[in-house]
Amino acid sequence: MHNDPAPPHRYEALAAKLTGMVDAGILKVGMKAPSLRAVSEQNRVSLSTAIQAYRVLEDRGILEAKPKSGFYIARGAEPTREGPSSSSPPSRPSPVAVSTGVAEILEHAANPDYAPLGCAIPSARILDAQALDRHLARCARTLGREYNIYTDPRGDIDLRQQISERGLRLGQGLAPDTIVVTCGCTEALAVALTATTRPGDTVAIESPTYFGLLQVLEARGLKALELPTHPTKGIDLERLRKAVETGRVAACLLSSSFNNPLGCLMSEESKLAIIDLLSRHNVPLIEDDIYGDIYFGPSRPLPFAALAPDADILTCSSFSKTVAPGYRIGWISSSGRFKAILEAKFASSLCGPALPQKAMADFLRTGGYDKHLRRIRRHFADNISRMSQAIDRSFPAATRLSSPQGGFVLWLELPEGFDCAELYRRAIAERICFAPGWLFSASAQYANCLRLSCGHEWSPALERSVERLGALAHELLEA
Numbered sequence: 159m160h161n162d163p164a165p166p167h168r169y170e171a172l173a174a175k176l177t178g179m180v181d182a183g184i185l186k187v188g189m190k191a192p193s194l195r196a197v198s199e200q201n202r203v204s205l206s207t208a209i210q211a212y213r214v215l216e217d218r219g220i221l222e223a224k225p226k227s228g229f230y231i232a233r234g235a236e237p238t239r240e241g242p243s244s245s246s247p248p249s250r251p252s253p254v255a256v257s258t259g260v261a262e263i264l265e266h267a268a269n270p271d272y273a274p275l276g277c278a279i280p281s282a283r284i285l286d287a288q289a290l291d292r293h294l295a296r297c298a299r300t301l302g303r304e305y306n307i308y309t310d311p312r313g314d315i316d317l318r319q320q321i322s323e324r325g326l327r328l329g330q331g332l333a334p335d336t337i338v339v340t341c342g343c344t345e346a347l348a349v350a351l352t353a354t355t356r357p358g359d360t361v362a363i364e365s366p367t368y369f370g371l372l373q374v375l376e377a378r379g380l381k382a383l384e385l386p387t388h389p390t391k392g393i394d395l396e397r398l399r400k401a402v403e404t405g406r407v408a409a410c411l412l413s414s415s416f417n418n419p420l421g422c423l424m425s426e427e428s429k430l431a432i433i434d435l436l437s438r439h440n441v442p443l444i445e446d447d448i449y450g451d452i453y454f455g456p457s458r459p460l461p462f463a464a465l466a467p468d469a470d471i472l473t474c475s476s477f478s479k480t481v482a483p484g485y486r487i488g489w490i491s492s493s494g495r496f497k498a499i500l501e502a503k504f505a506s507s508l509c510g511p512a513l514p515q516k517a518m519a520d521f522l523r524t525g526g527y528d529k530h531l532r533r534i535r536r537h538f539a540d541n542i543s544r545m546s547q548a549i550d551r552s553f554p555a556a557t558r559l560s561s562p563q564g565g566f567v568l569w570l571e572l573p574e575g576f577d578c579a580e581l582y583r584r585a586i587a588e589r590i591c592f593a594p595g596w597l598f599s600a601s602a603q604y605a606n607c608l609r610l611s612c613g614h615e616w617s618p619a620l621e622r623s624v625e626r627l628g629a630l631a632h633e634l635l636e637a
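Residues 159 to 637 (our numbering) make up the sequence shown, in order.
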């Protein structure tokens, strides 16, 4: 005997019905949505049920509330492009050498004269971190002299306490004394690798993966073992099993949620299988959870460490993608390797700036961060939808497109043989910056791929840049 799945709540069923009307084009982008009272009467549900349904649709970025005006359709039907292929990198470890190419990308991405499609850095306008800045100004005014000091190498205790409390919401037992505040997630990853590997070691990673991570591996003289990665389900578990059974993998470094650049999300079942496999072979897991709070589904995905609190897991994250890239506040936590982490942090940068940490702690404590997250998730979901539709209109028909479940980047795969390096040269000449696919591999994969950032507010100028990029791709493909 088995139990049938529970029927959805009425508000969920109503939200699904309205989503279907949007996908079918009955309700179009920019159109005013039916009033709550009309929806309640037409669907024979209570007004509170209609309100709950609209809140769900607002959280998913489908509806946008406008003061004194009502709700409007913010996002239309998604493109029906086929997703990218599962990757198939070499089965042998590769030395890493991407720094030269990354430096060029960063130079163009930082130039305001270029269309900002290159780096995954959120727009200051979308982040709108004025509330956080007010906390910083208040801290500087009232605590400036007191906090003009070197902090504890672990970081501000109030901030570590707030990070700990947020972890508890996910069932993640992060004691404040196991947390070390870092200079962004990049330093957290570097510290984690220093604590678990030695130069010449091999680290198993997703493929494609974030080029900043490859830079960290390169700087530490580590080799990358790229794992085949499905565009929605994550890494190939069988390939990981074969790799760790050789005994040559010193550590495994994976995204908890929404790999950059694919945006994929592994199931909890897959995460547990990875933890079990690595635990049996005594391989530490470094998890990058920087995009976990930018989810488009009904709930936040659980990090690896929340699923197995006693496993050898080093959790790395940051506030750089969600509220304050300029504050450079990240963190790392691991109870079993805390001593090695603290030593690596001390050797790397001694400690972080005190005032920004105190301001972030105050911001988290007042509850402003959660309200802020709900707003930016809607922004990023809307940006991804709009850019996906522009790609659908503009790029060659054979272009494959990712469908991320969180984060704010898109991964495009053009036909085999397409030269994205040439596309990049032509785009830069027209002041359009993007990240070519080869940057996301240690073994020169993905020459026919590119990543576009959706971190800036959507505008006619940005739309024209995407359309022009698509036109250049047509020209190259035809040639």
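Ideal Cβ positions, reconstructed from N, Cα and C, are used throughout, including at glycine.
By the neighbour-count criterion, in which 16 or more other beta carbons inside 10 Å mark a residue as buried, L412 falls on the buried side. A check of alpha carbon separations from P389 across A587, L194, W569, E199 identifies W569 as the nearest.
Under a 10 Å Cβ-count criterion, T258 is classified as exposed, with fewer than 16 other Cβ atoms of the shown protein chains found around its own Cβ. DSSP places C410 inside the beta strand (DSSP E), whose first and last residues are 407 to 413. V339 is not a Cβ neighbour of G526, given a cutoff of 7 Å. In the three-state DSSP reduction, S437 falls in the helix class (H, G or I). Within the same chain, G219, F454 come within 6 Å of A539 by CB-CB distance, once the 5 residues on both sides are set aside. With respect to L275, C578 sits apart: the two C-beta atoms are not nearer than 7 Å.
Linking A211 to H537 through their CA atoms gives a straight-line distance of about 19 Å. For the pair E384 and P247, the CB atoms are nearer than the 7 Å cut-off. Note on geometry: alpha-carbon atoms of S476 and F462 lie some 16 Å from one another. The residue from R535, G228, F496, A208 with its alpha-carbon nearest to that of G188 is G228. Where G488 is concerned, the enclosing beta strand (DSSP E) starts and stops at 487 to 491.
As DSSP reads the structure, V339 sits in a beta bridge with W489. Here DSSP, grouped into helix, strand and coil, assigns F229 to strand. With a contact defined as Cβ atoms closer than 8 Å, P386 and S244 qualify at about 6 Å. By the Cβ rule, the segment 392 to 408 counts as touching the segment 436 to 453, because three or more pairs are nearer than 8 Å.
Straight-line measurement puts the Cα of S249 at about 42 Å from the Cα of H530. In this structure I307 is exposed. Its beta-carbon is surrounded by fewer than 16 other beta-carbon atoms within 10 angstroms. Where A469 is concerned, there is no enclosing beta strand (DSSP E), because DSSP gives it neither an H nor an E. In this structure, G595 lies near L608, with their beta-carbon atoms less than 7 Å apart. For L630, the closest alpha carbon among the candidates W616, R584, F416, N606 is that of R584. In the three-state reduction of the DSSP assignment, H388 falls in the strand class, which pools E and B. The Cβ atoms of L332 and G325 sit closer than 7 Å to each other.
Taking 3 residues as the minimum length, the beta strand (DSSP E) runs contained wholly in the segment 578 to 634 are 590 to 594, 607 to 611, in order along the chain. L423 sits in coil when the DSSP states are folded into three classes, being neither helix nor strand.
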